[in-house]
Amino acid sequence: MRERDAVMQVAGKDEEEEEGGGGFGGIPASGKAIVALHMPTVGETREVDCAVCLEDFKNGDNLRMMPCCHTFHQTCIFHWLIVSRQCPICRFMMPSADEERLLDEQAEAVYAEVCQWAMPTGEEEASAMDMDNGDEDMIVNIID
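The UniProt record's numbering numbers the first residue of the sequence shown as 1 and each following residue consecutively.
Following this line, the structure appears as structure tokens:
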């Protein structure tokens, strides 16, 4: 939620303005995805102007680059993404807050499953030893 607050502050919006999703059924991008956008400097991008406000980039401007590699003024793209998660140029879809939450839940479930599998219990070790041919009893556990 802090990411969303930071985005709203930079965009100069308050929570009431954000609630409607733009009034046209647009789905906002997640705050986490917005604040994670790459911050290039002027001259590092293929664009020389912002497709949202149509102003040229000047040295010292705060820029943000979307995963599709389109670059905009930070305040312009933050305003845009709190209304619609689509890139204004190519319609690349940033994740919504719901999608971000679902991905986090899935990642946690996979992590829990991997951890459970990677941490053998005494019973599993004994079972592994029983399956050994008897020449050498050695079990190696690798834990990060």
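For every residue, glycine included, the Cβ atom is placed at its ideal position computed from N, Cα and C.
Under three-state DSSP, which class holds residue i?
i, result
"D49", "strand"
"F72", "strand"
"L54", "coil"
"residue 146", "One cannot answer for residue 146 here, as it falls past the ends of the chain, which runs 1 to 144."
"R101", "helix"
"C87", "coil"
"G22", "Because G22 carries a pLDDT of 49, less than 50, the predicted location of this residue cannot be relied on, and no value is offered for it."
Less than 8 Å between C-beta atoms, sequence neighbours within five positions excluded: which residues of the same chain meet that for residue i?
i, result
"S96", "I27, P28, A29, S30 and R85"
"E99", "S30"
Please report the distance separating the alpha-carbon of residue i from that of residue j.
i, j, result
"W117", "Y111", "10 Å"
"R101", "A109", "12 Å"
"C90", "V114", "37 Å"
"E47", "G60", "15 Å"
"T71", "I82", "16 Å"
"residue 200", "A107", "In the structure as shown, the chain begins at 1 and stops at 144. Residue 200 is therefore absent and cannot be evaluated."
"P67", "H73", "15 Å"
"residue 147", "D49", "There is simply no residue 147 to check, as the chain begins at 1 and stops at 144 in what is shown."
"E44", "F78", "20 Å"
"P40", "C69", "10 Å"
Could you name the residues of the same chain whose beta carbon sits closer than 7 Å to that of residue i, not counting the 5 residues immediately before and after it, in chain order?
i, result
"P88", "A51, V52 and W80"
"E123", "Residue placement at E123 is poorly supported in this model, since its pLDDT is 49, which falls under 50; the coordinates are not used for a value here."
Residues in its own chain within less than 6 Å of residue i by CB, not counting five upstream and five downstream?
i, result
"H38", "M65"
With a cut-off of 8 Å on the beta carbons, I'd call residue i and residue j a contact; round off their distance for me.
i, j, result
"K58", "V35", "The Cβ separation is near 23 Å, so there is no contact."
"M94", "A33", "5 Å"
With a threshold of 7 Å, establish whether the CB of residue i neighbours any heavy atom of the ligand ZN.
i, result
"M66", "Inclusion of the ligand ZN in the displayed structure is not the case, the ligand content being empty and no account of it being possible."
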